[in-house]
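Following the numbering used here, the numbering of the sequence shown begins with 1 at its first residue and continues without gaps.
Report on one structure; see the data block that follows.
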Amino acid sequence: MRDAARLIESKTSIRPKVGVVLGSGLGAFADSLIRSVKIPYSEIPGLPVSTAIGHAGQLVIGTQGANGKAAVDVAVMSGRFHLYEGYTPQQVVAGIRLLGQLGVRRVVLTNAAGGINPDYAEGALVLISDHINLQGANPLVGVNNPELGPRFPDMTEAYSAGLRQIARDAAAELEIEIFEGVYAAMLGPSYETPAEIRFLKTIGADLVGMSTALETIAANQMNMEVLGISCVTNLAAGLSGRKLSHAEVLEIGRRVASTFIKLLSGILPRLDSADIA
Ligand code: HPA
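Pasting the structure below:
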């Protein structure tokens with residue numbers, strides 16, 4: 001991973017303190033950066049080689065917010081690795097660990113999720129207040145590398161309350177409605193059954209998805225602050241009377257993308273200027 005950090009630092013003089021992981025459909029955000037350097041994951045040592053077609057990701061380092069607005073340097077992972085693709089838990093978090101090694105202290109994790117909380121309509125944007133990891137995996141299993149952080153990291157405030165407040169302030173200024181809720185992480189790739197959704201609701205989940213939890217664990221171990229934002233692309237299984245389709249998930253994601261990106265663009269400069277713990 002050291003080699004990867006050195007390689008990236010040789011390609012740009014930008015040293016971002018803020019990182020972003022883009023869920024599917026949000027790639028346009030990375031294209032909006034200026035002074036940007038794009039490095040395909042395939043060129044970065046330590047990152048897994050993507051096998052999925054159309055999922056080839058890239059790391060984009062650049063500056064967001066030109067023409068007079070507050071600017072912020074960011075490192076953006078455009079595309080992420082999922083357990084359901086067959087990657088190991090350690091491979092899933094390799095990008096997050098790389099961000100940490102590059103000096104990123106705050107990371108925004110975005111994703112698409114099914115809505116369990118009845119307050120959420122399709123297209124709702126939700127700040128993740130906490131997660132329930134039901135993926136049956138943890139990236140910290142195995143020999144602990146003390147350089148990354150503690151063997152038993154605290155997860156009491158895995159999703160920073162301070163960053164959520166910053167996000168709520170940005171959303172209010174932009175007049176974008178935003179919710180808050182608990183994210184249940186499932187392995188996938190099949191969607192949940194209605195019985196599983198009733199179970200998730202019972203145990204306190206508001207959202208369900210197939211990513212983010214392992215990345216949050218790895219980020220917390222490295223003492224990075226996490227802001228998680230979900231886009232509700234569908235009501236969870238059994239709640240709408242309709243079957244779930246990936247095409248529909250993508251379609252709603254596309255429809256909300258511009259609002260999601262607007263919110264992200266409003267939040268990021270505030271993350272840079274607010275005191276970094
Ligand atoms: N379940 C799990 N993951 C998801 C969903 C869902 O309903 N929608 C988008 N990602």
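C-beta: ideal position from N, C-alpha, C; glycine also.
Bear in mind the structure is a predicted one, so any value in this text is a computation, not a measurement.
Quick check: does the Cβ of residue 155 come within less than 7 Å of any heavy atom belonging to ligand 1? Numbered from its first residue, the sequence shown carries residue 155 at position 155. No; taking the cut-off as 7 Å, the Cβ of residue 155 has no heavy atom of ligand 1 nearer than that.
Looking at the secondary structure, which residues open and close the beta strand (DSSP E) in which residue 179 lies? Numbered from its first residue, the sequence shown carries residue 179 at position 179. Where residue 179 is concerned, the enclosing beta strand (DSSP E) stretches over 179-185.
Is it buried or exposed, residue 151, if we count other Cβ atoms within 10 angstroms and call 16 or more buried? Numbered from 1 along the sequence shown, position 151 holds the residue referred to as residue 151. With fewer than 16 other Cβ atoms within 10 Å, it is exposed.
Mind checking whether residue 83 and residue 93 have CB atoms under 8 Å apart? By one-based count along the sequence shown, residue 83 stands at place 83. By one-based count along the sequence shown, residue 93 stands at place 93. No, Cβ-Cβ distance for residue 83 and residue 93 is not below 8 Å.
Same chain only: Cβ atoms within 7 Å of residue 255, ignoring 5 sequence neighbours per side: Indexing the sequence shown from 1 puts residue 255 at position 255. Cβ-Cβ distances below 7 Å link residue 255 to 123 in the same chain, with the five nearest sequence neighbours on each side left out; the list follows chain order.
Which of helix, strand or coil does DSSP assign to residue 258? As a working note, residue 258 is residue 258 in the sequence shown. Three-state DSSP puts residue 258 in a helix.
Proximity below 8 Å, CB of residue 185 to CB of residue 212: The count along the sequence shown starts at 1 and reaches residue 185 at position 185. The count along the sequence shown starts at 1 and reaches residue 212 at position 212. Yes.
Three-state class that DSSP yields for residue 82 in the structure shown: Indexing the sequence shown from 1 puts residue 82 at position 82. The three-state secondary structure of residue 82, taken from DSSP, is coil.
Check whether the Cβ of residue 188 sits closer than 7 Å to any heavy atom of ligand 1, and report yes or no. Residue mapping note: residue 188 aligns to position 188 of the sequence shown, counting from 1. Under cutoff, so the answer is yes.
Where the alpha helix (DSSP H) containing residue 114 begins and where it ends: Along the sequence shown, read from residue 1 onward, the residue named residue 114 stands at position 114. Here residue 114 belongs to no alpha helix (DSSP H); instead the beta strand (DSSP E) covers 106-115.
Unbroken stretches of the beta strand (DSSP E), 3 residues or longer, contained in the stretch 160-232: With a minimum length of 3 residues, the continuous beta strand (DSSP E) runs that stay inside the stretch 160-232 are 179-185 and 207-209.
Contact test: residue 226 Cβ vs ligand 1 heavy atom, cutoff 7 Å: Reading the sequence shown from its first residue, position 226 is the one you call residue 226. Relative to the non-hydrogen atoms of ligand 1, the Cβ of residue 226 never comes closer than 7 Å to any of them.
Boundaries (first-last residue) of the beta strand (DSSP E) holding residue 6: On the sequence shown, residue 6 is found 6 positions in, with the first residue counted as 1. Where residue 6 is concerned, there is no enclosing beta strand (DSSP E), although the alpha helix (DSSP H) it sits in stretches over 2-9.
Which class does residue 97 belong to by DSSP, given the choice of helix, strand or coil? Residue 97 sits at position 97 when you count from the first residue of the sequence shown. Three-state DSSP puts residue 97 in a helix.
Please classify residue 78 as buried or exposed, where buried requires at least 16 neighbouring CB atoms within 10 angstroms. The residue given as residue 78 occupies position 78 in the sequence shown. Under this definition residue 78 is a buried residue.
Close-in-space but distant-in-sequence residues of the same chain around residue 4 (CB under 6 Å, 5 per side omitted): The residue you call residue 4 lines up with position 4 of the sequence shown. Once the five neighbours on either side are set aside, the close Cβ partners of residue 4 are 44, 45, 46 and 98.
Hey, out of 42, 73, 144 and 120, whose CA is closest to residue 90's CA? Your numbering for residue 90 matches position 90 in the sequence shown. Of 42, 73, 144 and 120, the residue nearest in Cα terms is 144.
Specify the secondary structure class of residue 253 as computed by DSSP and reduced to three states. Stepping through the sequence shown from its first residue, residue 253 is reached at position 253. It is helical.
For residue 28, three-class secondary structure by DSSP: Residue 28 sits at position 28 when you count from the first residue of the sequence shown. Look at residue 28 here: in three-state DSSP terms it is helix.
Confirm the yes/no value for this check: CB of residue 191, any heavy atom of ligand 1, distance under 7 Å. The residue labelled residue 191 in the question sits at position 191 within the sequence shown. For residue 191, the distance from the CB to the nearest heavy atom of ligand 1 is below 7 Å.
Any heavy atom of ligand 1 closer than 7 Å to the beta-carbon of residue 233? Numbered from 1 along the sequence shown, position 233 holds the residue referred to as residue 233. Answer for residue 233: yes, Cβ within range of ligand 1.
Quick one, which of 252, 273 and 137 has its alpha-carbon nearest residue 25's? Taking the first residue of the sequence shown as 1, we reach residue 25 at position 25. Residue 25 has its Cα closest to that of 252, out of 252, 273 and 137.
Could you pull the DSSP bridge partners for residue 155 from this structure? The count along the sequence shown starts at 1 and reaches residue 155 at position 155. Beta-bridge pairing links residue 155 to no other residue.
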